[in-house]
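Notes follow the structure.
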Amino acid sequence: MRPPVLILHATGTNRDRETAWAVEQAGGTPTILHVNELRERPARLHEFAMFILPGGFSYGDALGAGRLLASDLRWLFQEELARFIEAGRPVLGICNGFQALVKSGWLPGPPEDGIQATLTRNASNRFECRWVWLQPNPESPCVFTRGLEEPITCPVAHGEGRFVPRDEATLARLQARGQIALTYIAPSGGPAVYPWNPNGSVADVAGICNARGNVLGLMPHPEDHVLLWQRPDWTRGARGGLGLALFVQGIRYAADL
Amino acid sequence: MDYCVEVFWKADLPDGRASDLLAQIAQLGLDGITGIRVCSLFFLRGDLSVSEVEELAQALLADPVVEGYRIRPAGASGEDDPALVVEVGYHPGVTDAVAENLLRRARLLGLQALEAAATGSRYTFEGRVGPDELHTVARQLLANEVIQHYTLGHLRPAFVPYARPSDEVATIPLRNASDAELARLSVERVLFLSLPEMQAIRMYFVRLGRDPTDVELETLAQTWSEHCQHKTFKTTIRYRSRGGVPRVLPADLPPAPPEERIDGLLRSYIRAATERLARPWVRSAFVDNAGIIAFDEKWEVSFKVETHNHPSALEPFGGANTGIGGVIRDIIGVSARPIAATDVLCFGPPDLPASEVPAGTLHPRRIARGVIAGIEDYGNKMGIPTVSGAILYDPGYTANPLVYCGCLGIAPAGRHRRSPRPGDLCVALGGRTGRDGLHGATFSSAELTHETGQTVGSVVQIGDPITEKALLEAVLRARDEGLYSAITDCGAGGFASAAGEMGREVGVEVELGDVPLKYPGLRPWEIWLSEAQERMVLAVPPEHLARLAEICRAFDVEWTVIGRFTGDRRLRVRYRGALVADLDMDFLHDGWPRRTMEAEWIAPTFPEPDVVTGDLTPLLLAMLSHPDVASKEDVIRRYDHEVQGATVIKPLVGSAADGPSDGVVLRPLEVEGWQGLALGVGICPHYGRIDPYAMAWAAIDEALRNVTAVGADPERVALLDNFCWGNPSLPDRLGALVRAVQGCHDAALAYGAPFISGKDSLNNEYVDPEGQKRSIPPTLLISSLGIVPDIRDAVTMDLKAPGNFIYLLGETYPELGGSLYARLQGALGNRVPLPRPGSLTTMRTLHRAIRARLVRACHDLSEGGLGVAAAEMALAGRLGMELDLLPLLVRRDLPATIALFSESSGRFLVEVAPEAAARFEAEMAGCPCYRLGKTAAHGRLRISGREGEALVDVAVSDLVRAWHGGA
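As they're listed, the protein sequences go chains U and W.
Sequential numbering from 2 applies to the first sequence in this note's numbering.
Sequential numbering from 10 applies to the second sequence in this note's numbering.
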């Protein structure tokens with residue numbers, strides 16, 4: 002069975018099509034719906050086994066990256082999203098989707114605890130597009146990285162991806178609970194300094210999940226590394242580290258639910 | 010009540026905006042300023058309580074983790090010492106997408122009382138700083154007064170003032186005007202029409218027995234503008250030439266006489282080449298908004314390159330921003346989904362002393378910064394990968410930078426519709442109409458002066474990519490459901506151009522009173538001519554309107570029926586029922602008087618560069634760090650080149666992902682199989698100074714080399730031409746243009762590569778305060794679009810492994826004219842690279858070797874010749890290389906310096922594994938092919954000459970450093 006996957010398109014979303022393609026390659030059946038279409042009947046969310054907020058510039062990132070999409074999540078879909086997440090169904094926010102999940106309080110969650118972190122302007126103060134390496138955390142409850150040991154490589158493409166927790170205690174809590182599902186690493190496997198940590202994220206955080214592990218957000222774009230020919234060094238014989246792995250794990254989990 | 014919400018950075022982490030600005034201030038030499046704080050300002054108008062503003066600030070304006078906010082009545086002093094503060098805001102009416110989103114969202118959240126919003130920025134300085142320094146920083150870095158205003162201290166919010174709707178239509182007393190009055194009218198109304206053109210209009214209205222309205226006169230001026238009509242490319246030219254490179258023509262064409270009468274450059278040369286080649290895969294050339302070729306049975310690919318030079322000179326961000334937006338709409342206008350963007354930029358020298366910047370001109374560094382940010386903003390937000398381009402620097406571009414913006418699209422075969430039928434509704438989709446860009450079409454015919462920025466500020470606009478993104482999604486849905494019978498974008502000339510062009514064969518009647526406006530008060534002619542961005546016009550059969558409306562609603566796209574197509578071949582415009590224009594389509598489109606233009610080209614002579622000898626390592630390092638050659642990584646990484654997941658060969662390649670790829674390869678998501686597309690760029694303006702004919706050949710050769718080197722089939726390449734030139738009414742400028750166009754024709758035939766689209770931007774001259782005219786270097790951009798039969802065979806230019814053989818393909822001649830070598834020697838030279846029609850054979854053979862997977866790396870030789878190409882391959886692979894030029898020197902009898910730095914066309918460096926060498930050499934039999942050496946693990950680039958003497962011996966790490974701009 003191929004789990005149905007909802008990919009939400011807000012005005013300005015732009016990585017929805019390749020995300021749909023990655024979902025297909027991973028064994029899911031994607032449907033792209035515009036916010037306005039979902040808004041007509043938010044309960045449609047429950048027809049899907051997985052929910053993805055893809056990358057892009059929703060509403061032009063006016064008022065801060067992901068801020069207005071976060072406002073949509075809070076004002077239009079809060080109840081349905083809460084039910085979806087409480088049912089244990091997987092939710093994936095990539096780049097702009099991650100920003101929206103953080104700025105609406107769903108990550109690291111729960112939303113009742115307020116906004117605990119942000120993704121703000123890169124330390125370099127510019128948009129940067131470059132390939133990075135991500136280390137999955139074996140201690141994480143995250144359903145998307147479960148069982149993944151090998152690093153993933155895929156591009157980042159953002160100007161506001163610097164992860165900043167509200168305070169030290171928040172960071173410590175995330176670390177203790179394994180909620181830091183993905184960190185930037187150097188290609189050698191060592192700690193990442195710029196450009197391997199491309200945005201100055203605190204503790205090299207690339208992606209975090211909620212305490213239960215069924216909601217994951219990350220800045221890099223695993224949907225842009227589905228085929229080996231997308232890797233920048235494939236003409237040098239380099240292979241592996243497919244971002245597809247995250248989709249495969251997520252869809253496998255969704256199918257078993 | 011007007012409020013100001015200040016949002017400030019509160020996190021312990023440094024604020025990148027402040028450190029960036031400090032670095033730029035240091036470049037201005039203002040070292041008294043030691044610190045800056047940046048604040049975002051939101052001005053809110055409406056009957057709001059403080060607690061409501063508070064709520065808004067918390068919900069939408071300040072990021073609670075890293076930002077704080079303060080609320081004060083607008084106009085009241087904030088906490089900072091006003092003597093240390095600069096505040097910047099937009100002029101009323103300039104696109105402010107953040108404010109518009111804020112307004113919309115506040116209403117969604119139930120704050121109906123918010124009437125208006127505007128944004129701004131505050132900069133608070135620390136250190137020794139007085140009003141003079143603040144003015145300097147504000148003018149040089151913080152505000153562009155074409156679109157913004159600033160104050161020292163606190164800013165009054167700039168809301169658009171209320172204006173009464175205007176139905177004012179003037180009648181212009183033209184019939185009785187003298188010639189002198191006609192000429193004056195053309196200047197005063199910014200029509201840029203010549204006297205014979207004004208006379209033709211006068212005669213038309215004399216015949217009608219009435220005077221024209223302002224709507225009619227403005228419509229004629231924009232339709233007849235160089236920008237819309239390309240008069241120079243259509244008109245008859247009397248041409249004489251003396252000297253220069255002899256033309257290379259196919260055997261069955263008669264030789265060219267030194268004096269000739271050319272019946273239209275476009276028809277006689279560019280289109281003639283395409284028609285003669287008659288390639289079956291060309292689907293549309295010079296007909297639609299973009300050229301179209303077949304990709305496979307199911308898909309077609311469209312390509313268009315535009316320029317946006319004058320707007321970018323005045324407001325670099327907005328100019329480049331709307332340039333990209335415009336060319337993307339050209340692709341939407343052929344019913345295609347944009348899949349890649351290209352940018353070629355020409356600027357003045359980045360290190361130009363401030364005292365040498367001409368009056369009224371922005372510093373090249375500032376222009377470059379703004380242009381790049383404008384491209385980044387639009388391309389990234391549209392989700393279109395910016396993959397291909399070039400940046401060139403020359404003093405000739407200081408006052409008149411060039412910004413070429415390209416867009417590639419893909420569409421299901423045969424889905425584009427282009428014929429409106431009588432009875433179809435004329436429907437406007439997308440953004441609202443404001444005073445933006447009035448006279449943009451006619452302004453492009455102007456020469457820039459030191460006062461241009463003050464007089465035509467209204468031509469400059471800022472784009473809103475998200476409105477265009479929504480528009481794109483709606484149009485593609487409408488295309489798939491077959492809801493329209495024709496579509497075009499609103500570019501230069503606005504509705505007048507879009508509706509006038511679309512209704513050309515059938516006639517159209519438009520009601521301007523129904524057009525949604527950004528703010529009231531526009532006169533009918535302003536609505537009609539406005540070049541507000543992000544609008545498309547569709548011809549929609551009435552039975553499909555309801556469904557189109559549904560789609561628009563789903564995607565947040567505004568739509569309006571503004572008229573209908575009639576069948577009477579007239580252009581009729583009404584405002585609230587009253588007829589304000591009534592012209593017949595034949596006169597509108599073809600009534601402009603043809604003239605005969607004079608053109609003359611005489612071969613110039615330049616000093617010859619010295620041929621230096623000895624250790625050439627310092628020279629090679631100087632070439633690598635030259636701005637034209639050095640790494641563009643800082644710029645390329647600001648563009649998203651990965652979005653859409655199709656970028657198989659990236660703009661940056663190699664072991665550290667920083668080598669300069671010759672071309673890029675894309676495999677669009679929607680296609681099946683392994684076929685892909687390659688994009689390349691040919692541009693060499695320095696050859697054009699010596700001989701534009703040779704420049705055209707060299708640029709076409711380079712564009713073909715770029716795509717062949719990465720795996721495209723050289724027999725399936727389509728070309729685009731973009732001419733940026735000076736004033737064509739000056740015979741020498743026009744003569745050079747004729748030479749270049751002839752070069753395009755002859756080379757296209759020799760390579761079998763048809764032109765599918767092109768555009769010209771003329772009058773790129775700057776008139777300085779002394780009245781001296783300065784033309785840009787005549788600059789021809791050739792963009793190439795190739796088919797890669799199997800992307801899994803694609804090749805990159807970085808060296809792969811030690812012990813592999815290095816071959817040079819193609820012949821090297823003593824051709825240093827216009828080369829990087831010559832420019833570094835301070836003498837342009839005369840022996841420009843000559844046409845080499847045989848290089849197609851080399852490319853074909855190379856392609857076979859690539860398909861057979863015999864090639865590990867391949868790099869084309871361009872600026873800096875063999876020396877720079879070898880260095881780039883080594884640095885991209887972080888691998889050493891040993892080359893011995895002896896075989897080349899003996900065979901061609903060349904001095905080593907010339908062999909190393911000549912820029913002869915048709916050459917490649919190729920890396921081949923030893924086990925594949927025999928097959929490779931057999932494959933190359935009959936083509937010029939020299940085995941020059943090997944790759945090496947020792948991490949040095951060594952090149953030796955005839956006697957085995959070292960010409961170059963340098964560590965690859967030093968090449969890397971020089972290439973990244975270090976000494």
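Ideal placement from N, C-alpha and C gives every residue a C-beta, glycine not left out.
### Proximity winner among W/Ala-712, W/Pro-846, W/Pro-669 and W/Ser-86, relative to W/Ala-687 (alpha-carbon distances)
W/Ala-712
### Message
Determine, for W/Lys-390, whether the minimum Cβ-Cβ distance to residues of chain U falls below 9 Å.
### Response
yes
### Alpha-carbon spacing of W/Ile-645 relative to W/Thr-626, whole angstroms
28 Å
#### Entry: W/Pro-823 versus W/Arg-840: straight-line alpha-carbon distance, rounded
7 Å
### Query
Counting pairs of beta carbons, one from the segment 950-970 of chain W and one from the segment 839-853 of chain W, are three or more of them closer than 8 Å?
no
### Query
Got a sec? Which residues, its chain only, sit under 7 Å from W/Ala-883 by beta carbon, not counting five neighbours each side?
Leu-808, Gly-889, Met-890, Leu-950, Val-965 and Leu-968
### Query
So what does DSSP say about W/Trp-308, is it helix, strand or coil?
strand
### Task
Along the alpha helix (DSSP H) that carries W/Glu-61, what are the first and last residues, could you check?
59-65
### Message
Taking the beta carbon of W/Asn-185 as the centre, do at least 16 other beta carbons fall within 10 Å, making it buried, or is it exposed?
### Response
exposed
### Task
Would you verify that the beta carbon of W/Ser-130 is, or is not, closer than 9 Å to some beta carbon of chain U?
no
### Query
According to the neighbour-count rule (16 or more other Cβ atoms, all chains shown, within 10 Å of its Cβ), is W/Gln-463 buried or exposed?
Confidence at W/Gln-463 is low in this model, with a pLDDT of 42, below 50, so the placement of that residue should be treated as unreliable; the coordinate-derived value is given next. With fewer than 16 Cβ atoms within 10 Å of its Cβ, W/Gln-463 is classed as exposed.
### Message
Rounded to the nearest angstrom, what separates W/Leu-597 and W/Pro-205 at their Cα positions?
### Response
15 Å
### Message
I want to see whether chain W comes within less than 9 Å of U/Val-227, judged by CB atoms only; does it?
### Response
yes
### Query
Would you say W/Gly-415 and W/Val-343 are within 9 Å of each other, going by their C-beta atoms?
no
#### Entry: Contacting residues, own chain, Cβ-Cβ under 6 Å from W/Ala-946 (five flanking each side not counted)
Pro-811
### Message
Helix, strand or coil, according to DSSP, for W/Arg-420 in the structure here?
### Response
A quick correction: the sequence has Ala, not Arg, at residue 420 of chain W. Three-state DSSP puts W/Ala-420 in a strand.
### Query
Touching or not, the segment 83-95 of chain W and the segment 36-43 of chain W, by the rule of three or more beta carbon pairs under 8 Å?
no
### Buried versus exposed, by CB contacts within 10 Å (16 or more), W/Phe-119
With the sequence shown as reference, residue 119 of chain W is identified as Gly, and Phe is not the correct amino acid for it. Its Cβ having fewer than 16 others within 10 Å, W/Gly-119 is exposed.
#### Entry: Pairwise C-alpha distance: W/Tyr-760 and W/Ala-287
13 Å
### Task
Work out the CA separation of W/Glu-872 and W/Ile-709 for me, nearest whole Å.
14 Å
### Query
Is W/Arg-513 helix, strand or coil by DSSP?
coil
### Task
Using a Cβ-Cβ cut-off of 9 Å, state whether U/Ala-118 counts as contacting chain W.
yes
### Under the three-state DSSP convention, the category W/Phe-356 falls into
strand
### Task
In the DSSP assignment, find the alpha helix (DSSP H) that holds W/Lys-243 and state where it starts and stops.
240-243
### 7 Å Cβ cut-off: residues of chain W touching U/Phe-128
Glu-385, Asn-389 and Arg-647
### Query
Residues in the segment 55-75 of chain U with C-beta within 7 Å of chain W's C-beta atoms, listed in sequence order?
Gly-57, Phe-58, Tyr-60, Gly-61, Ala-63, Leu-64, Gly-65, Arg-68, Leu-69 and Ser-72
#### Entry: Identity of the residue in W/Ala-437, W/Arg-928, W/Ala-905 and W/Arg-901 nearest W/Pro-937 by Cα
W/Arg-901
### Task
Mind listing the chain W neighbours of U/Pro-31? Cutoff is C-beta to C-beta under 7 Å, in chain order.
By Cβ distance, chain W contributes nothing, its closest Cβ being about 12 Å from U/Pro-31, past 7 Å.
### Query
Is there a Cβ from chain W that is less than 9 Å from the Cβ of U/Asp-205?
no
### Query
Are W/Arg-532 and W/Val-178 closer than 9 Å when you measure CB to CB?
yes
### Query
Using a beta-carbon distance cut-off of less than 8 Å, what residues from the segment 139-150 of chain U approach chain W?
none
### Task
Using the Cα positions of U/Arg-253 and U/Pro-137, report the straight-line distance between them to the nearest angstrom.
17 Å
### Query
If you compare alpha carbons, which of W/Ala-879, W/Leu-903 and W/Gly-886 is closest to W/Leu-892?
W/Ala-879
### Query
Three-state secondary structure (DSSP) at W/Tyr-939?
strand
#### Entry: Separation of W/Arg-219 from W/Pro-431, as counted between CA atoms
28 Å
### Message
Buried or exposed for U/Ile-8, going by 16 or more other Cβ atoms inside 10 Å?
### Response
buried
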